[in-house]
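Colleague: In this note's numbering, the protein residues as written are 44 to 392.
The beta carbon of each residue, even a glycine, is placed where N, CA and C say it ideally should be.
Structure provided below as C-alpha coordinates; questions to follow.
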Amino acid sequence: MHSTEFWIPAFCICGAVQCIFLSFCFVWPIGDKSYAQRWLALFLFLLGIRMLKSVLYLFEGAKLSLPLMNLGFAAHLGAASALYLYFLIHRRSGSIPRFEVVLHLLPPIAITLASPWLHLQSFWYLGGYHCLLIASVIYWAWAVKLFFDIRRERVQVFQQKKQWWISVLAGTGIFFLAYFSNYVLGVLPYAQAPFFYSFAVFCMGYSAWRNFANINSTDEPQPQKKYRNLSLTKTEMEQGKMIILRALEQDQLFLEPDCSLQQLSERTQIPSHVLSLILNQHLNTNFTTLINSYRIETACHLLLRPDRQHYTIAAIAFEAGFSSLSVFNRHFRAQKGMTPSAFRKKNLS
(Lines of atoms letter the chains of each structure in order from A; the text may use other names.)
(Lines give C-alpha, C1' and ligand atoms only; values in the text may rest on other atoms or scores of the structure.)
Protein backbone atom coordinates (compact mmCIF):
# COMPACT_ATOMS: atom_id res chain seq x y z
CA MET A 44 0.00 0.00 0.00
CA HIS A 45 1.36 3.46 -0.93
CA SER A 46 1.73 5.99 1.88
CA THR A 47 -1.01 8.18 0.38
CA GLU A 48 -3.34 5.19 0.33
CA PHE A 49 -2.96 5.03 4.10
CA TRP A 50 -2.61 8.62 5.23
CA ILE A 51 -5.53 10.15 3.31
CA PRO A 52 -8.09 7.66 4.73
CA ALA A 53 -6.51 7.98 8.19
CA PHE A 54 -6.72 11.76 7.93
CA CYS A 55 -10.36 11.49 6.89
CA ILE A 56 -11.21 9.11 9.75
CA CYS A 57 -9.71 11.54 12.26
CA GLY A 58 -11.83 14.34 10.81
CA ALA A 59 -14.96 12.20 11.03
CA VAL A 60 -14.27 11.21 14.64
CA GLN A 61 -13.67 14.86 15.49
CA CYS A 62 -17.05 15.82 14.02
CA ILE A 63 -18.91 13.11 15.91
CA PHE A 64 -17.09 13.95 19.16
CA LEU A 65 -17.94 17.65 18.75
CA SER A 66 -21.57 16.80 18.10
CA PHE A 67 -21.81 15.15 21.52
CA CYS A 68 -20.06 18.10 23.15
CA PHE A 69 -22.80 20.40 21.90
CA VAL A 70 -25.70 18.35 23.29
CA TRP A 71 -24.33 17.10 26.60
CA PRO A 72 -25.80 17.82 29.07
CA ILE A 73 -28.82 18.24 26.81
CA GLY A 74 -30.86 20.17 29.35
CA ASP A 75 -28.45 23.10 29.20
CA LYS A 76 -28.40 23.35 25.43
CA SER A 77 -30.39 25.60 23.14
CA TYR A 78 -32.53 24.61 20.19
CA ALA A 79 -29.92 25.95 17.76
CA GLN A 80 -27.10 23.96 19.38
CA ARG A 81 -28.99 20.70 18.90
CA TRP A 82 -29.21 21.41 15.18
CA LEU A 83 -25.51 22.20 15.18
CA ALA A 84 -24.87 18.87 16.90
CA LEU A 85 -26.99 17.03 14.31
CA PHE A 86 -25.12 18.77 11.49
CA LEU A 87 -21.71 17.75 12.89
CA PHE A 88 -22.83 14.18 13.56
CA LEU A 89 -24.15 13.70 10.01
CA LEU A 90 -21.01 15.30 8.59
CA GLY A 91 -18.93 12.72 10.47
CA ILE A 92 -21.10 9.85 9.21
CA ARG A 93 -20.71 11.09 5.63
CA MET A 94 -16.93 11.18 5.99
CA LEU A 95 -16.81 7.65 7.40
CA LYS A 96 -18.82 6.41 4.43
CA SER A 97 -16.30 8.03 2.06
CA VAL A 98 -13.43 6.26 3.81
CA LEU A 99 -15.19 2.93 3.50
CA TYR A 100 -15.81 3.56 -0.19
CA LEU A 101 -12.10 4.24 -0.73
CA PHE A 102 -11.38 0.71 0.51
CA GLU A 103 -14.43 -1.20 -0.69
CA GLY A 104 -15.54 0.70 -3.79
CA ALA A 105 -18.79 -0.59 -5.29
CA LYS A 106 -18.56 -3.63 -2.98
CA LEU A 107 -19.66 -1.47 -0.06
CA SER A 108 -23.02 -2.70 1.27
CA LEU A 109 -26.06 -0.87 -0.06
CA PRO A 110 -27.43 0.25 3.35
CA LEU A 111 -24.08 1.82 4.32
CA MET A 112 -23.79 3.46 0.91
CA ASN A 113 -27.22 5.05 1.16
CA LEU A 114 -26.74 5.98 4.80
CA GLY A 115 -23.77 8.07 3.69
CA PHE A 116 -25.82 9.74 0.96
CA ALA A 117 -28.64 10.47 3.41
CA ALA A 118 -26.14 11.93 5.89
CA HIS A 119 -24.71 14.14 3.14
CA LEU A 120 -28.07 15.74 2.36
CA GLY A 121 -29.12 15.74 6.01
CA ALA A 122 -25.97 17.62 7.05
CA ALA A 123 -26.68 20.29 4.43
CA SER A 124 -30.28 20.77 5.57
CA ALA A 125 -29.27 20.79 9.27
CA LEU A 126 -26.70 23.50 8.54
CA TYR A 127 -29.40 25.60 6.87
CA LEU A 128 -31.83 25.09 9.78
CA TYR A 129 -29.10 26.03 12.28
CA PHE A 130 -28.66 29.42 10.64
CA LEU A 131 -32.40 29.83 10.10
CA ILE A 132 -33.02 29.51 13.86
CA HIS A 133 -30.54 32.32 14.54
CA ARG A 134 -32.10 34.44 11.79
CA ARG A 135 -35.57 34.06 13.32
CA SER A 136 -34.31 34.13 16.92
CA GLY A 137 -36.52 31.21 17.87
CA SER A 138 -37.77 27.77 16.98
CA ILE A 139 -38.92 26.66 13.52
CA PRO A 140 -42.44 25.38 12.78
CA ARG A 141 -42.55 21.59 12.79
CA PHE A 142 -43.89 21.33 9.25
CA GLU A 143 -40.93 23.34 7.97
CA VAL A 144 -38.47 21.07 9.77
CA VAL A 145 -40.18 17.99 8.31
CA LEU A 146 -40.10 19.53 4.84
CA HIS A 147 -36.31 19.92 4.93
CA LEU A 148 -35.56 16.59 6.60
CA LEU A 149 -37.97 14.48 4.58
CA PRO A 150 -35.57 13.80 1.63
CA PRO A 151 -32.69 12.39 3.77
CA ILE A 152 -35.19 10.39 5.85
CA ALA A 153 -36.75 9.02 2.65
CA ILE A 154 -33.30 8.01 1.37
CA THR A 155 -32.60 6.17 4.63
CA LEU A 156 -35.91 4.31 4.57
CA ALA A 157 -35.54 3.39 0.89
CA SER A 158 -31.89 2.35 1.21
CA PRO A 159 -32.49 -1.35 0.36
CA TRP A 160 -33.81 -0.37 -3.07
CA LEU A 161 -31.65 2.62 -4.12
CA HIS A 162 -28.90 1.00 -6.20
CA LEU A 163 -25.97 2.82 -7.75
CA GLN A 164 -26.66 1.81 -11.35
CA SER A 165 -30.43 2.15 -11.31
CA PHE A 166 -30.78 5.32 -9.23
CA TRP A 167 -27.71 7.25 -8.14
CA TYR A 168 -25.82 7.09 -11.45
CA LEU A 169 -29.01 8.00 -13.35
CA GLY A 170 -29.26 11.48 -11.85
CA GLY A 171 -29.91 10.81 -8.17
CA TYR A 172 -26.40 11.69 -7.05
CA HIS A 173 -26.37 14.81 -9.24
CA CYS A 174 -29.56 16.03 -7.57
CA LEU A 175 -28.24 15.27 -4.10
CA LEU A 176 -24.99 17.19 -4.64
CA ILE A 177 -26.74 20.16 -6.25
CA ALA A 178 -29.30 20.29 -3.42
CA SER A 179 -26.48 20.25 -0.85
CA VAL A 180 -24.71 23.17 -2.51
CA ILE A 181 -28.01 25.09 -2.66
CA TYR A 182 -28.56 24.51 1.06
CA TRP A 183 -25.06 25.79 1.74
CA ALA A 184 -25.72 28.89 -0.40
CA TRP A 185 -28.94 29.51 1.55
CA ALA A 186 -26.96 29.28 4.79
CA VAL A 187 -24.51 31.87 3.46
CA LYS A 188 -27.42 34.18 2.63
CA LEU A 189 -28.78 33.75 6.16
CA PHE A 190 -25.32 34.62 7.50
CA PHE A 191 -25.46 38.00 5.76
CA ASP A 192 -29.08 38.53 6.82
CA ILE A 193 -28.09 37.97 10.46
CA ARG A 194 -25.16 40.36 10.07
CA ARG A 195 -27.59 43.06 8.95
CA GLU A 196 -30.51 42.34 11.29
CA ARG A 197 -29.01 40.94 14.53
CA VAL A 198 -25.73 42.76 15.00
CA GLN A 199 -25.11 41.74 18.61
CA VAL A 200 -25.59 38.03 17.94
CA PHE A 201 -23.53 38.26 14.74
CA GLN A 202 -20.55 39.87 16.47
CA GLN A 203 -20.66 37.20 19.18
CA LYS A 204 -20.62 34.21 16.81
CA LYS A 205 -19.04 35.70 13.68
CA GLN A 206 -15.70 33.91 13.85
CA TRP A 207 -17.30 30.49 14.32
CA TRP A 208 -19.89 31.05 11.60
CA ILE A 209 -17.25 32.12 9.09
CA SER A 210 -15.20 29.00 9.79
CA VAL A 211 -18.20 26.65 9.61
CA LEU A 212 -19.40 28.13 6.31
CA ALA A 213 -15.90 28.05 4.84
CA GLY A 214 -15.33 24.48 6.01
CA THR A 215 -18.65 23.15 4.79
CA GLY A 216 -18.26 25.09 1.56
CA ILE A 217 -15.05 23.19 0.85
CA PHE A 218 -16.72 19.95 1.98
CA PHE A 219 -19.76 20.17 -0.30
CA LEU A 220 -17.88 21.72 -3.22
CA ALA A 221 -15.24 18.97 -3.07
CA TYR A 222 -17.90 16.33 -3.75
CA PHE A 223 -19.58 18.57 -6.30
CA SER A 224 -16.29 19.21 -8.13
CA ASN A 225 -15.49 15.51 -8.20
CA TYR A 226 -18.74 14.06 -9.52
CA VAL A 227 -20.59 16.91 -11.24
CA LEU A 228 -17.68 18.94 -12.62
CA GLY A 229 -15.16 16.10 -12.88
CA VAL A 230 -12.21 18.31 -11.90
CA LEU A 231 -11.18 16.70 -8.59
CA PRO A 232 -10.23 13.00 -8.28
CA TYR A 233 -12.32 11.13 -5.71
CA ALA A 234 -9.23 9.91 -3.85
CA GLN A 235 -8.01 13.49 -3.33
CA ALA A 236 -11.32 15.01 -2.24
CA PRO A 237 -11.11 13.54 1.31
CA PHE A 238 -7.84 15.37 1.92
CA PHE A 239 -9.34 18.76 1.07
CA TYR A 240 -12.53 18.43 3.06
CA SER A 241 -10.80 16.70 5.99
CA PHE A 242 -8.41 19.62 6.25
CA ALA A 243 -11.38 21.99 6.18
CA VAL A 244 -13.12 19.97 8.91
CA PHE A 245 -10.01 20.06 11.12
CA CYS A 246 -9.87 23.85 10.77
CA MET A 247 -13.56 24.03 11.61
CA GLY A 248 -13.00 21.87 14.68
CA TYR A 249 -10.13 24.08 15.83
CA SER A 250 -12.40 27.11 15.51
CA ALA A 251 -15.10 25.30 17.50
CA TRP A 252 -12.75 24.71 20.42
CA ARG A 253 -11.50 28.30 20.36
CA ASN A 254 -15.03 29.72 20.24
CA PHE A 255 -16.76 27.09 22.35
CA ALA A 256 -18.05 29.62 24.91
CA ASN A 257 -19.51 31.90 22.25
CA ILE A 258 -21.10 29.02 20.37
CA ASN A 259 -22.76 27.84 23.57
CA SER A 260 -24.00 31.29 24.55
CA THR A 261 -27.64 32.15 23.98
CA ASP A 262 -28.86 35.06 21.87
CA GLU A 263 -30.26 36.95 24.85
CA PRO A 264 -27.93 38.64 27.37
CA GLN A 265 -27.31 36.34 30.32
CA PRO A 266 -27.94 37.30 33.92
CA GLN A 267 -25.00 38.07 36.16
CA LYS A 268 -24.20 35.43 38.76
CA LYS A 269 -25.92 37.28 41.60
CA TYR A 270 -29.16 37.38 39.55
CA ARG A 271 -29.24 33.77 38.41
CA ASN A 272 -31.79 32.90 41.05
CA LEU A 273 -33.71 36.12 40.53
CA SER A 274 -37.43 35.99 41.23
CA LEU A 275 -39.87 38.91 41.11
CA THR A 276 -43.17 39.26 42.91
CA LYS A 277 -46.37 39.70 40.89
CA THR A 278 -46.42 43.37 41.86
CA GLU A 279 -42.83 43.89 40.70
CA MET A 280 -43.59 42.07 37.45
CA GLU A 281 -46.65 44.26 36.83
CA GLN A 282 -44.75 47.44 37.63
CA GLY A 283 -41.94 46.44 35.30
CA LYS A 284 -44.44 45.63 32.57
CA MET A 285 -46.07 49.07 32.86
CA ILE A 286 -42.70 50.83 32.69
CA ILE A 287 -41.73 48.84 29.57
CA LEU A 288 -45.03 49.49 27.81
CA ARG A 289 -44.88 53.20 28.66
CA ALA A 290 -41.40 53.46 27.13
CA LEU A 291 -42.64 51.74 23.98
CA GLU A 292 -46.09 53.29 23.59
CA GLN A 293 -45.49 56.83 24.84
CA ASP A 294 -41.83 57.37 24.04
CA GLN A 295 -42.09 55.15 20.91
CA LEU A 296 -38.60 53.81 21.40
CA PHE A 297 -39.30 51.15 18.76
CA LEU A 298 -39.23 53.77 16.00
CA GLU A 299 -35.46 54.00 16.37
CA PRO A 300 -33.89 51.55 13.85
CA ASP A 301 -31.05 50.66 16.23
CA CYS A 302 -33.37 50.06 19.20
CA SER A 303 -31.81 47.44 21.47
CA LEU A 304 -32.45 45.75 24.79
CA GLN A 305 -29.64 47.82 26.30
CA GLN A 306 -31.28 51.06 25.14
CA LEU A 307 -34.59 49.98 26.66
CA SER A 308 -32.72 49.16 29.87
CA GLU A 309 -31.17 52.62 29.98
CA ARG A 310 -34.51 54.31 29.23
CA THR A 311 -36.45 52.38 31.88
CA GLN A 312 -33.64 52.07 34.44
CA ILE A 313 -34.34 48.34 34.62
CA PRO A 314 -31.35 45.94 34.25
CA SER A 315 -31.38 44.12 30.92
CA HIS A 316 -31.60 40.66 32.49
CA VAL A 317 -34.62 41.78 34.54
CA LEU A 318 -36.20 43.12 31.35
CA SER A 319 -35.67 39.74 29.69
CA LEU A 320 -37.23 38.00 32.69
CA ILE A 321 -40.33 40.22 32.56
CA LEU A 322 -40.70 39.86 28.79
CA ASN A 323 -40.33 36.09 28.86
CA GLN A 324 -42.36 35.23 31.95
CA HIS A 325 -44.94 38.02 32.14
CA LEU A 326 -45.46 38.99 28.51
CA ASN A 327 -44.59 35.58 27.03
CA THR A 328 -42.39 37.10 24.32
CA ASN A 329 -38.85 38.32 23.70
CA PHE A 330 -37.44 41.75 22.96
CA THR A 331 -37.12 41.35 19.18
CA THR A 332 -40.63 39.97 18.74
CA LEU A 333 -42.15 42.70 20.91
CA ILE A 334 -40.36 45.53 19.09
CA ASN A 335 -41.30 44.20 15.67
CA SER A 336 -44.95 43.79 16.67
CA TYR A 337 -45.11 47.48 17.60
CA ARG A 338 -43.42 48.41 14.35
CA ILE A 339 -45.86 46.34 12.29
CA GLU A 340 -48.88 47.94 13.99
CA THR A 341 -47.38 51.37 13.34
CA ALA A 342 -46.81 50.44 9.70
CA CYS A 343 -50.44 49.32 9.36
CA HIS A 344 -51.58 52.71 10.64
CA LEU A 345 -49.24 54.54 8.26
CA LEU A 346 -50.34 52.45 5.28
CA LEU A 347 -53.94 53.61 5.77
CA ARG A 348 -53.29 57.27 6.50
CA PRO A 349 -54.54 59.56 3.69
CA ASP A 350 -51.41 61.70 3.84
CA ARG A 351 -49.20 58.63 3.36
CA GLN A 352 -50.88 57.18 0.26
CA HIS A 353 -48.13 58.51 -1.97
CA TYR A 354 -45.46 56.84 0.20
CA THR A 355 -43.76 53.70 -1.08
CA ILE A 356 -43.77 50.52 1.00
CA ALA A 357 -40.07 51.08 1.71
CA ALA A 358 -40.74 54.58 3.03
CA ILE A 359 -43.45 53.22 5.34
CA ALA A 360 -41.09 50.49 6.58
CA PHE A 361 -38.33 52.95 7.41
CA GLU A 362 -40.73 55.36 9.12
CA ALA A 363 -42.03 52.48 11.27
CA GLY A 364 -38.51 51.75 12.53
CA PHE A 365 -37.31 48.97 10.21
CA SER A 366 -33.88 49.33 8.65
CA SER A 367 -34.46 46.73 5.94
CA LEU A 368 -37.36 46.35 3.51
CA SER A 369 -36.93 42.58 3.28
CA VAL A 370 -37.11 42.22 7.07
CA PHE A 371 -40.22 44.40 7.15
CA ASN A 372 -41.94 42.36 4.44
CA ARG A 373 -41.15 39.07 6.17
CA HIS A 374 -42.40 40.18 9.59
CA PHE A 375 -45.47 41.87 8.11
CA ARG A 376 -46.50 38.73 6.24
CA ALA A 377 -45.89 36.58 9.34
CA GLN A 378 -48.01 38.84 11.56
CA LYS A 379 -50.77 39.88 9.13
CA GLY A 380 -50.85 36.95 6.71
CA MET A 381 -50.44 39.17 3.64
CA THR A 382 -48.00 41.61 2.07
CA PRO A 383 -48.04 45.31 2.97
CA SER A 384 -49.29 46.16 -0.53
CA ALA A 385 -52.14 43.67 -0.24
CA PHE A 386 -53.02 45.03 3.21
CA ARG A 387 -53.21 48.59 1.90
CA LYS A 388 -55.25 47.57 -1.12
CA LYS A 389 -57.68 45.44 0.91
CA ASN A 390 -58.37 48.08 3.54
CA LEU A 391 -58.63 51.04 1.20
CA SER A 392 -60.91 49.40 -1.36
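Of the choices Lys204, Ser224, Met280, whose alpha-carbon is the least far from that of Leu320?
Modeller: What you label residue 320 is simply residue 277 of the sequence shown in a count that begins at 1. Residue Met280 is the option with its Cα nearest to Leu320.
Colleague: Would you grab the beta carbon distance between Gln61 and Phe245 for me? Rounded to a whole angstrom, and I think it's under 8 Å.
Modeller: In the sequence shown, counting from the first residue as 1, residue 61 sits at position 18. In the sequence shown, counting from the first residue as 1, residue 245 sits at position 202. At roughly 7 Å, the Cβ-Cβ gap stays under 8 Å, so Gln61 and Phe245 are in contact.
Colleague: Return the Cβ separation of Phe219 and Ala123 in integer angstroms, given the expectation that the two are a contact with Cβ distance under 8 Å.
Modeller: Against the sequence shown, residue 219 aligns to sequence position 176. Against the sequence shown, residue 123 aligns to sequence position 80. Confirmed, Cβ separation roughly 7 Å.
Colleague: Comparing C-alpha positions only, which one of Arg253, Leu391, Leu326 sits nearest to Leu65?
Modeller: Numbered from its first residue, the sequence shown carries residue 65 at position 22. When only C-alpha atoms are compared, the closest one is Arg253.
Colleague: Measuring only the C-alpha atoms, how far is Phe201 from Arg194?
Modeller: Within the sequence shown, the letter at position 158 stands for residue 201. Within the sequence shown, the letter at position 151 stands for residue 194. In a straight line, the C-alpha of Phe201 is about 5 Å away from that of Arg194.
Colleague: Would you say Ser250 and Trp183 are within 8 Å of each other, going by their C-beta atoms?
Modeller: Taking the sequence shown and counting its residues from 1, the one referred to as residue 250 is at position 207. Taking the sequence shown and counting its residues from 1, the one referred to as residue 183 is at position 140. Not a contact, by the Cβ cut-off of 8 Å.
Colleague: Could you give the distance in angstroms between the alpha-carbon of Gly74 and the alpha-carbon of Leu307?
Modeller: Here residue 74 refers to the residue found at position 31 when the sequence shown is read from its first residue. Here residue 307 refers to the residue found at position 264 when the sequence shown is read from its first residue. Low local confidence applies: a pLDDT of 43 at Gly74 is under 50, so the model's placement there is unreliable, and no value is given.
Colleague: For Ile286 and Leu322, what's the separation of their Cα atoms in angstroms?
Modeller: On the sequence shown, residue 286 is found 243 positions in, with the first residue counted as 1. On the sequence shown, residue 322 is found 279 positions in, with the first residue counted as 1. Taking the straight line from one Cα to the other gives about 12 Å.
Colleague: Taking Thr332 as part of the alpha helix (DSSP H), name the residues at either end of that continuous run.
Modeller: Residue mapping note: residue 332 aligns to position 289 of the sequence shown, counting from 1. 330–347 is the extent of the alpha helix (DSSP H) around Thr332.
Colleague: Whose C-alpha, out of Gly248, Gly115, Ala79, is nearest the C-alpha of Tyr172?
Modeller: Looking up residue 172 in the sequence shown gives position 129. When only C-alpha atoms are compared, the closest one is Gly115.
Colleague: Rounded to the nearest angstrom, what separates Ser179 and Leu126 at their Cα positions?
Modeller: Numbered from 1 along the sequence shown, position 136 holds the residue referred to as residue 179. Numbered from 1 along the sequence shown, position 83 holds the residue referred to as residue 126. Approximately 10 Å between the Cα atoms of the pair.
Colleague: With contact counted as at least three CB pairs below 8 Å, one residue from each stretch, are the region 332–346 and the region 355–366 in contact?
Modeller: As far as the Cβ criterion goes, the region 332–346 touches the region 355–366, which means the pair count is three or higher.
Colleague: From what residue to what residue does the alpha helix (DSSP H) around Phe386 run?
Modeller: Within the sequence shown, residue 386 is the residue found at index 343, counting from 1. Its alpha helix (DSSP H) spans residues 383–391.
Colleague: Roughly how many angstroms separate the alpha carbons of Ser336 and Pro232, rounded to a whole number?
Modeller: The residue labelled residue 336 in the question sits at position 293 within the sequence shown. The residue labelled residue 232 in the question sits at position 189 within the sequence shown. Whole-angstrom Cα-Cα distance: 53 Å.
Colleague: What did DSSP end up calling Ile139 once you bin it into helix, strand or coil?
Modeller: Residue mapping note: residue 139 aligns to position 96 of the sequence shown, counting from 1. If DSSP states are grouped into helix, strand and coil, Ile139 belongs with coil.
Colleague: Do Ile217 and Ala186 have their C-beta atoms within less than 8 Å of each other?
Modeller: By 1-based counting over the sequence shown, the position of residue 217 is 174. By 1-based counting over the sequence shown, the position of residue 186 is 143. For Ile217 and Ala186, no; Cβs fall outside 8 Å.
Colleague: Tell me the residue span of the alpha helix (DSSP H) that contains Gly103.
Modeller: Position 60 of the sequence shown, counting from 1, holds the residue named residue 103. Contrary to the premise, residue 103 reads as Glu rather than Gly in this sequence. Per DSSP, Glu103 belongs to the alpha helix (DSSP H) from 78–103.
Colleague: Please classify Tyr222 as buried or exposed, where buried requires at least 16 other C-beta atoms within 10 Å of its C-beta.
Modeller: By 1-based counting over the sequence shown, the position of residue 222 is 179. Per the 10 Å Cβ criterion, buried.
Colleague: Answer with buried or exposed for Gly380, where buried requires no fewer than 16 other C-beta atoms within 10 angstroms of its C-beta.
Modeller: For the purposes of this step, residue 380 is identified with residue 337 of the sequence shown, where counting begins at 1. When all chains shown are included, Gly380 counts as exposed.
Colleague: Give every residue of the same chain whose Cβ lies closer than 6 Å to the Cβ of Arg387, excluding the five residues on either side of it in the sequence, and list them in chain order.
Modeller: As a first step, residue 387 is located in the sequence shown; it is residue number 344 there, counting from the start. Excluding positions up to five away in sequence, the list reads Leu346.
Colleague: For Glu196 and Thr328, I'd like the C-alpha separation in whole angstroms.
Modeller: Numbered from its first residue, the sequence shown carries residue 196 at position 153. Numbered from its first residue, the sequence shown carries residue 328 at position 285. The alpha-carbon atoms of Glu196 and Thr328 are separated by roughly 18 Å.
Colleague: Report yes if the CB atom of Phe130 is closer than 8 Å to the CB atom of Leu189, and no otherwise.
Modeller: Along the sequence shown, read from residue 1 onward, the residue named residue 130 stands at position 87. Along the sequence shown, read from residue 1 onward, the residue named residue 189 stands at position 146. Against a cut-off of 8 Å, the Cβ pair of Leu189 and Phe130 comes out as a contact.
Colleague: Along the alpha helix (DSSP H) that carries Trp185, what are the first and last residues, could you check?
Modeller: Walking along the sequence shown from the start, residue 185 turns up at place 142. From DSSP, the alpha helix (DSSP H) with Trp185 extends over 171–196.
Colleague: Does the Cβ-Cβ distance between Pro151 and Gly121 come in under 8 Å?
Modeller: By one-based count along the sequence shown, residue 151 stands at place 108. By one-based count along the sequence shown, residue 121 stands at place 78. Result yes, Cβ atoms of Pro151 and Gly121 sit closer than 8 Å.
Colleague: If I follow the unbroken alpha helix (DSSP H) through Val297, where does it start and stop?
Modeller: Residue 297 sits at position 254 when you count from the first residue of the sequence shown. Looking at the sequence itself, residue 297 is Phe, so the reference to Val does not match. Element bounds for Phe297: n/a, residue is neither H nor E.
Colleague: Mind reading off the beta-carbon distance from Met175 to His119? Whole number of angstroms is fine, and I expect it under 8 Å.
Modeller: In the sequence shown, counting from the first residue as 1, residue 175 sits at position 132. In the sequence shown, counting from the first residue as 1, residue 119 sits at position 76. Before going further, note that residue 175 is Leu rather than Met in the sequence given. That belief holds up - the Cβ atoms of Leu175 and His119 are roughly 6 Å apart, short of 8 Å.
Colleague: Between Asn113 and Ser158, which are expected to be in contact by the criterion C-beta below 8 Å, what is the C-beta distance as a whole number of angstroms?
Modeller: Taking the sequence shown and counting its residues from 1, one reaches residue 113 at position 70. Taking the sequence shown and counting its residues from 1, one reaches residue 158 at position 115. Indeed they touch by this definition, with Cβ atoms about 4 Å apart.
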